[in-house]
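One structure is given below, encoded as structure tokens.
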Amino acid sequence: MSFVHLHTHTEYSMLDGASRVSDLFEAAAAAEMPACAITDHGVMYGALDFYKTGTKTGVKPIVGMEGYLFAGDRREKPAQRENSERTFHLTLLAADNEGYRNLVKVSTRAWLDGFHYNPRTDWELLAEYSKGLICLSGCLSAEIPKLIVAGDRAGARRVAARYREVFGDRFYLELQDHGLREQQGLNDELVAIGKELGIQWVATNDSHYTHKEDAGAHEVLLCINTGSELADPNRFKFDSQEFYLKTPEEMRAAFARWPGACETTLEVADRCNVELKFGEHLLPRFETPPGKTLDGYLAELVFEGLRRRYGEVSPEVRERAEYELKVIGDMEFPGYFLVVADFVNWAKRQGIRVGPGRGSAAGSIVSYALGVTELDPLRYDLMFERFLNPERVAMPDIDIDFDERRRGDVIRYVSEKYGADHVAQIITYGTIKGKQAIKDAARVLGFPYAEGDRLTKMYPALIMGRDSGLQNALETSFELREAYAAGGAAKQIIDTALKIENLKRSAGIHAAGVVIGRDPLVEHLPLKRGEHGEIVTQFDMNGVEELGLLKMDFLGLRNLTVIELTREYIRRNKNIDVDVDSLQLDDPKVYEMLQRGDSDGVFQLESDGMRRLLVQLKPDRFEQIMALIALYRPGPMEQIPSYIERKNDPSKVVYLHPALEEITRETYGVLVYQEQIVLLLQKLAGYTPGEADQVRKAIGKKKRDIMAAEEPRFMEGCAKLGLGEDEAQRLWALIQPFADYSFNRAHSAAYAYIAYQTGWLKAHYPVEYMAALLTS
Numbered sequence: 014m015s016f017v018h019l020h021t022h023t024e025y026s027m028l029d030g031a032s033r034v035s036d037l038f039e040a041a042a043a044a045e046m047p048a049c050a051i052t053d054h055g056v057m058y059g060a061l062d063f064y065k066t067g068t069k070t071g072v073k074p075i076v077g078m079e080g081y082l083f084a085g086d087r088r089e090k091p092a093q094r095e096n097s098e099r100t101f102h103l104t105l106l107a108a109d110n111e112g113y114r115n116l117v118k119v120s121t122r123a124w125l126d127g128f129h130y131n132p133r134t135d136w137e138l139l140a141e142y143s144k145g146l147i148c149l150s151g152c153l154s155a156e157i158p159k160l161i162v163a164g165d166r167a168g169a170r171r172v173a174a175r176y177r178e179v180f181g182d183r184f185y186l187e188l189q190d191h192g193l194r195e196q197q198g199l200n201d202e203l204v205a206i207g208k209e210l211g212i213q214w215v216a217t218n219d220s221h222y223t224h225k226e227d228a229g230a231h232e233v234l235l236c237i238n239t240g241s242e243l244a245d246p247n248r249f250k251f252d253s254q255e256f257y258l259k260t261p262e263e264m265r266a267a268f269a270r271w272p273g274a275c276e277t278t279l280e281v282a283d284r285c286n287v288e289l290k291f292g293e294h295l296l297p298r299f300e301t302p303p304g305k306t307l308d309g310y311l312a313e314l315v316f317e318g319l320r321r322r323y324g325e326v327s328p329e330v331r332e333r334a335e336y337e338l339k340v341i342g343d344m345e346f347p348g349y350f351l352v353v354a355d356f357v358n359w360a361k362r363q364g365i366r367v368g369p370g371r372g373s374a375a376g377s378i379v380s381y382a383l384g385v386t387e388l389d390p391l392r393y394d395l396m397f398e399r400f401l402n403p404e405r406v407a408m409p410d411i412d413i414d415f416d417e418r419r420r421g422d423v424i425r426y427v428s429e430k431y432g433a434d435h436v437a438q439i440i441t442y443g444t445i446k447g448k449q450a451i452k453d454a455a456r457v458l459g460f461p462y463a464e465g466d467r468l469t470k471m472y473p474a475l476i477m478g479r480d481s482g483l484q485n486a487l488e489t490s491f492e493l494r495e496a497y498a499a500g501g502a503a504k505q506i507i508d509t510a511l512k513i514e515n516l517k518r519s520a521g522i523h524a525a526g527v528v529i530g531r532d533p534l535v536e537h538l539p540l541k542r543g544e545h546g547e548i549v550t551q552f553d554m555n556g557v558e559e560l561g562l563l564k565m566d567f568l569g570l571r572n573l574t575v576i577e578l579t580r581e582y583i584r585r586n587k588n589i590d591v592d593v594d595s596l597q598l599d600d601p602k603v604y605e606m607l608q609r610g611d612s613d614g615v616f617q618l619e620s621d622g623m624r625r626l627l628v629q630l631k632p633d634r635f636e637q638i639m640a641l642i643a644l645y646r647p648g649p650m651e652q653i654p655s656y657i658e659r660k661n662d663p664s665k666v667v668y669l670h671p672a673l674e675e676i677t678r679e680t681y682g683v684l685v686y687q688e689q690i691v692l693l694l695q696k697l698a699g700y701t702p703g704e705a706d707q708v709r710k711a712i713g714k715k716k717r718d719i720m721a722a723e724e725p726r727f728m729e730g731c732a733k734l735g736l737g738e739d740e741a742q743r744l745w746a747l748i749q750p751f752a753d754y755s756f757n758r759a760h761s762a763a764y765a766y767i768a769y770q771t772g773w774l775k776a777h778y779p780v781e782y783m784a785a786l787l788t789s
């Protein structure tokens, strides 16, 4: 007596679907439905999210799509009206892994060579990729229903026969009943055609929201999409409130006139058994010289680089490099490092300025030897395990900064080297944030602009540009909470905003993300075309990484452009070629300038707040710039007064425990970096570096189950060191909030290096530097 929804739109049908994926599966599980399908408009954006959530919930996820079929060659570009008249909906579901791969290809080619107002497929694509796909005839906007409603039953029968010819017994006639007048007679005709041609029929409900009471939120979404108000009688809207995830009982009652329609949904669900794989290593194939393995060639390049960096390779350097190479080899990542080193060094040979290494990658001596990073990890005590943890197999993540004028050149090089069909930019999804939800709700509900503006002015300030959410805003803003409690317009607006908050709003392109595949990308994920013709993944960066594809961040950094422009102006004005990559980091002129707060245009140090702190701190060492960059953020900022006081008056330095002196001596007893937690766990509780970093990450992400399991081990380790239970408890409590907001030391070092370079240029060549700032 159950039922399976086979035509379901999620929030990935942007500004048309109001169902959050988690809510859909929660409702399906509560109604004891064994499966549920995703069929968003022309895209597969939500496929991975849907698959993982359904698998976790115990409700079988069926991956599908509501496509757009063009009655002609998909490459045609007719006028809008003609295109609309010749474009029809159809429902496609993946029955097996081959069907999933074919669905990916249909979606991709509909975007890449069929896009015209919509990503359109055609009969040619359906025939080519039909294997493993189940096709349902579609809603009122599909070809067969349109022909029947128009009175052309013979045409409808002819098209149904064509579908059957392409899909065989994997084609079903789709019955729907949303209380619309034309659907009653339509369903009778569809069943009659099915009997004539031997085609089964199946009931669907074209769900656009999860619960019946969500119809209002869906109407608001449609108004946001079309720029209209709810009070507008001519706005685009659905003609009933029946487009929700109905229960099996509701569906069986609605389709009692058409026997077998509900039972067939279970048959279709049984035929759909896609199993997606995650965590594979789908790294691009790097061609080594003849006779050389990836491991051997990487080691060869690394030791060449070490001799170039250090001259004589000391035992300490050799030991660190051999350790890292072993970890990289054991984790099967030599190809990753060779790929990154190749495009970074290509960029350098082309005169493209590359950053010193962003993030934890600066903790790797292998990266330093290869020229991928420019900071000596031994000199700055940077930790490899923070970058690549041998006890947690995960893809390395090296983010590379380029002169923003030349970023596109590097992407083109990678595309040419590995093949245009192996490289794409990565999609990003915009969501309706709390503050914007208030503005949207006020407009759609028809309130004057001033009303929405009044409420948004009560909204708490964004933290580092991030909206912490409407519920949090109500809890932290007294004014907003009072306005809401008073009822009236404010309550109506906020209640509406809460219903649409965090739903997907738009699809864009990640500012830096690029994926490079071992195979043509369409073998692993669906692609689309961006507004300016870019090839873009339909899965976001998390999905790309989970599939095991190489995701790189190619970042354009204006400050690198400024550095290169300054060097160019110096050559032009003074005939001097300045090498900013070999600077000694102890130039008094630079620190005297920073101590005056004269940091206008200096990377990371130019804000008014930073200037005041520079005057108070009076930095005289590179490590102090590192610490200030790490501390100048919400959370760690509370430690800045203590750090400044202790730096300027060594008598104020206090260590939380003698065992922490070695770990926090450089930062005057103040915890500043994530790596300090890792060292603390090693020193006090006997963790390995890899184990300690896993615990640090778990604490930072508030994984309470892991924290609860690790606390006894921490306490036991502290006891062996001679710490009392109260003292150990205080230390454990201390690192909890710190892990949440602490900064990566390697990242601080890399940013501080660019800060020093820009500061040095400003101190020694102020005219050329300021000219570069103005023209960059």
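First residue of the sequence shown: 14, per my numbering; consecutive thereafter.
Note that the Cβ used here is the ideal one computed from N, Cα and C, for glycine as well.
Source: prediction; values computed, not measured.
Evaluate His221 with the Cβ neighbour count: other Cβ atoms within 10 Å of its Cβ, from every protein chain shown; 16 or more gives buried, anything less gives exposed.
buried
Only counting the same chain, and skipping five residues up and downstream in sequence, which positions put a Cβ closer than 8 Å to that of Gly273?
Gln213, Trp214
If you follow the alpha helix (DSSP H) that Gly77 is in, where does it begin and where does it stop?
That residue, Gly77, is in no alpha helix (DSSP H); its beta strand (DSSP E) goes 73-83.
Taking the CB atoms as reference points, tell me whether Ile445 and Ile507 lie closer together than 8 Å.
Not a contact, by the Cβ cut-off of 8 Å.
Given a threshold of 16 other Cβ atoms within 10 Å of its Cβ, counted over all protein chains shown, does Thr134 qualify as buried or as exposed?
buried
Mapping DSSP to helix, strand and coil, what is Glu223?
Reading off the sequence shown, one finds Thr at residue 223, where the question assumed Glu. Coil.
Closest to Phe420 by C-alpha separation, out of Val527, Val379, Val406, would be which residue?
At residue 420 the sequence reads Arg, which differs from the Phe that was named. When each option's Cα is compared against that of Arg420, the closest is Val527.
Quick test of the definition: if touching needs 3 or more C-beta pairs under 8 Å, does the stretch 558-570 touch the stretch 580-594?
Three or more beta-carbon pairs separated by less than 8 Å are not found between the stretch 558-570 and the stretch 580-594, which leaves the two stretches without contact.
Please report the straight-line C-alpha distance between Ile147 and Tyr113, rounded to a whole angstrom.
10 Å
Quick one: complete beta strand (DSSP E) runs, 3+ long, within the stretch 302-377?
none
Taking the alpha-carbon of Ala437 as reference, which of Val17, Tyr766, Leu534 has the nearest alpha-carbon?
The shortest Cα separation from Ala437 among Val17, Tyr766, Leu534 belongs to Leu534.
Cβ atoms of Gly614 and Gly521: under 8 Å apart, would you say?
no
From the DSSP output, read off the bridge partner residues of Lys564.
Under the DSSP definition of a beta bridge, Lys564 partners with Val528.
From this set, Leu116, Val423, Arg571, which residue's C-alpha is nearest Asp355's C-alpha?
Val423
Around the C-beta of Gly145, are 16 or more other C-beta atoms found within 10 angstroms, so that it is buried, or is it exposed?
buried
As a quick exercise: from Arg659, Phe316, Leu160, pick the residue whose alpha carbon is nearest that of Ile206.
Comparing C-alpha distances from Ile206 to each of Arg659, Phe316, Leu160 shows the shortest one belongs to Leu160.
Quick one: is Ser377 buried, meaning 16 or more other Cβ sit within 10 Å of its Cβ, or exposed?
buried
Assign Gln617 to buried or exposed, taking buried as 16 or more other Cβ atoms, counted over all protein chains shown, within 10 Å of its Cβ.
With 16 or more neighbouring CB atoms inside 10 Å of its own CB, Gln617 falls in the buried class.
What are the start and end residues of the alpha helix (DSSP H) that includes Gly198?
194-210
Identify every run of the alpha helix (DSSP H) within the stretch 732-773, keeping only runs that are complete inside it and at least 4 residues long; order them along the chain.
Every alpha helix (DSSP H) of 4 residues or more that sits fully in the stretch 732-773 is shown, in chain order, as 738-754.
Quick one: Cα of Glu178 to Cα of Leu106, how far?
17 Å
Using beta carbons (cut-off 8 Å, strictly below), is Leu669 in contact with chain D?
Among the protein chains of the structure shown there is no chain D, as only one such chain exists.
Taking DSSP as the reference, what is the three-state secondary structure of Ile147?
strand
Ends of the alpha helix (DSSP H) at Arg542?
Here Arg542 belongs to no alpha helix (DSSP H); instead the beta strand (DSSP E) covers 540-542.
Please work out which residues of its chain come closer than 6 Å, Cβ to Cβ, to Thr277, disregarding the five sequence neighbours upstream and downstream, and give them in chain order.
Counting only Cβ-Cβ distances below 6 Å, and skipping sequence neighbours, we find Gln213, Val215.
Starting from Pro647, follow the alpha helix (DSSP H) in both directions and report where the run begins and ends.
No alpha helix (DSSP H) contains Pro647, which DSSP labels as neither H nor E.
Roughly how far, in whole angstroms, is the beta-carbon of Thr223 from the beta-carbon of Ala60, given that I think they are within contact range, below 8 Å?
Actually they are not in contact, since the Cβ atoms of Thr223 and Ala60 sit about 18 Å apart, beyond 8 Å.
Looking only at its own chain, which residues have a Cβ that is under 6 Å from the Cβ of Leu37, when we skip the five neighbours before and after it?
Residues of the same chain with a CB within less than 6 Å of the CB of Leu37, apart from the 5 flanking positions on each side, are Thr223 in chain order.
Check Phe397 in the structure and name its three-state DSSP category.
If DSSP states are grouped into helix, strand and coil, Phe397 belongs with coil.
Can you tell me which of Glu387, Arg392, Arg122, Pro632 puts its alpha carbon nearest to the alpha carbon of Asp434?
Of Glu387, Arg392, Arg122, Pro632, the residue nearest in Cα terms is Arg122.
Report the option in Asn757, Ala525, Ala698 whose CA atom is closest to the CA atom of Gly735.
Ala698
My output table needs one value for His777: the three-state DSSP class, helix, strand or coil.
helix
Check whether the Cβ atoms of Ala42 and Gly71 sit closer than 8 Å, and answer yes or no.
yes
Could you check where the beta strand (DSSP E) with Ala108 kicks off and where it finishes?
Here Ala108 belongs to no beta strand (DSSP E), and DSSP marks it neither H nor E.
Just confirm the distance between the C-beta atoms of Leu351 and Val379, as a whole number of angstroms; I'd bet it's less than 8 Å.
That pair is no contact at about 11 Å.
Using a threshold of 8 Å, state whether the C-beta atoms of Ala50 and Thr21 are closer than that.
Cβ distance < 8 Å, so Ala50 and Thr21 count as in contact.
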